[in-house]
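Undergrad: For the sequence shown, UniProt numbering assigns the number 1 to the initial residue and increments by one for each residue that follows.
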Amino acid sequence: MSTNYSILAIPGAWIVTLAPHIFAAGLLAKNVPWFDGANPRHCLGELASTDKENAKNHAVKLQILRAKAAEANGFENLPVFVGAVLAANFVGVPVETLNTLSAAYVASRVLYNIVYVNVTSKKYVLVRTLFYNIGAGIALTLYGKAFYAMNK
Numbered sequence: 001m002s003t004n005y006s007i008l009a010i011p012g013a014w015i016v017t018l019a020p021h022i023f024a025a026g027l028l029a030k031n032v033p034w035f036d037g038a039n040p041r042h043c044l045g046e047l048a049s050t051d052k053e054n055a056k057n058h059a060v061k062l063q064i065l066r067a068k069a070a071e072a073n074g075f076e077n078l079p080v081f082v083g084a085v086l087a088a089n090f091v092g093v094p095v096e097t098l099n100t101l102s103a104a105y106v107a108s109r110v111l112y113n114i115v116y117v118n119v120t121s122k123k124y125v126l127v128r129t130l131f132y133n134i135g136a137g138i139a140l141t142l143y144g145k146a147f148y149a150m151n152k
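(1) Cβ of A149 within 8 angstroms of Cβ of V60?
(2) How is T3 classed by DSSP in three states: helix, strand or coil?
(3) Whole alpha helix (DSSP H) runs in the region 12-90 with 4 or more residues, listed along the chain?
(4) Exposed or buried, I138, counting other C-beta atoms within 10 Å across all chains shown (16 or more means buried)?
(5) Given a cut-off of 8 angstroms on the beta-carbon distance, is the pair S2 and V95 in contact?
(6) So T100 is in the alpha helix (DSSP H); what residue range does that whole segment cover?
(7) Which value, in whole angstroms, describes the spacing of the CA atoms of H21 and V115?
(8) Among Q63, L27 and C43, which has the Cα closest to the Cα of W34?
(9) Counting beta carbon pairs with one atom in the region 125-135 and one in the region 23-41, are three or more of them shorter than 8 angstroms?
(10) Considering only the beta carbon of each residue, do L27 and I64 sit closer than 8 angstroms?
(11) What did DSSP end up calling G135 once you bin it into helix, strand or coil?
(12) For T120, is the beta carbon positioned less than 7 angstroms from some heavy atom of the ligand ADP?
(13) Which of helix, strand or coil does DSSP assign to K152?
(14) From G83 to I7, what distance separates their C-alpha atoms?
Here it is as structure tokens:
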């Protein structure tokens, strides 16, 4: 029997979810001198409502906001994945299936974050949607496999 690594995908997915926040914090520290770490949510709200100062600052502002949106999306989806991994483990879905699907989910979220944070063209937004749907599909597949294993 192979080693079951799927449970490690849970903290892995959490780290991947947190990565855009760390990226945004670095951009904030470097580019937004008035940012107040003691009141970060208030300052992010102010950042979102500021007028375009110049093209470079506006592009950085939008990248920070996209990174924070990617983080929020990750935390919104994390409970679905956690439940799927736990359910599939609980009912005995084969280890190879658990490992493959769990790793694929984390990979899909890495790609989702990269695309979300960096793509500025509406032309490529569907790439982000594709990676989102792949991750969601994997989580739902784990639930489906758990349902099947539970009712054998």
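Cβ atoms here follow ideal geometry from the backbone N, Cα and C, with glycine treated the same way.
TA: Quick answer:
(1) no
(2) coil
(3) 40-49 and 55-90
(4) buried
(5) yes
(6) V95 to N118
(7) 15 angstroms
(8) C43
(9) no
(10) yes
(11) helix
(12) Looking for the ligand ADP in the displayed structure turns up nothing, as the structure carries no ligands at all.
(13) coil
(14) 11 angstroms
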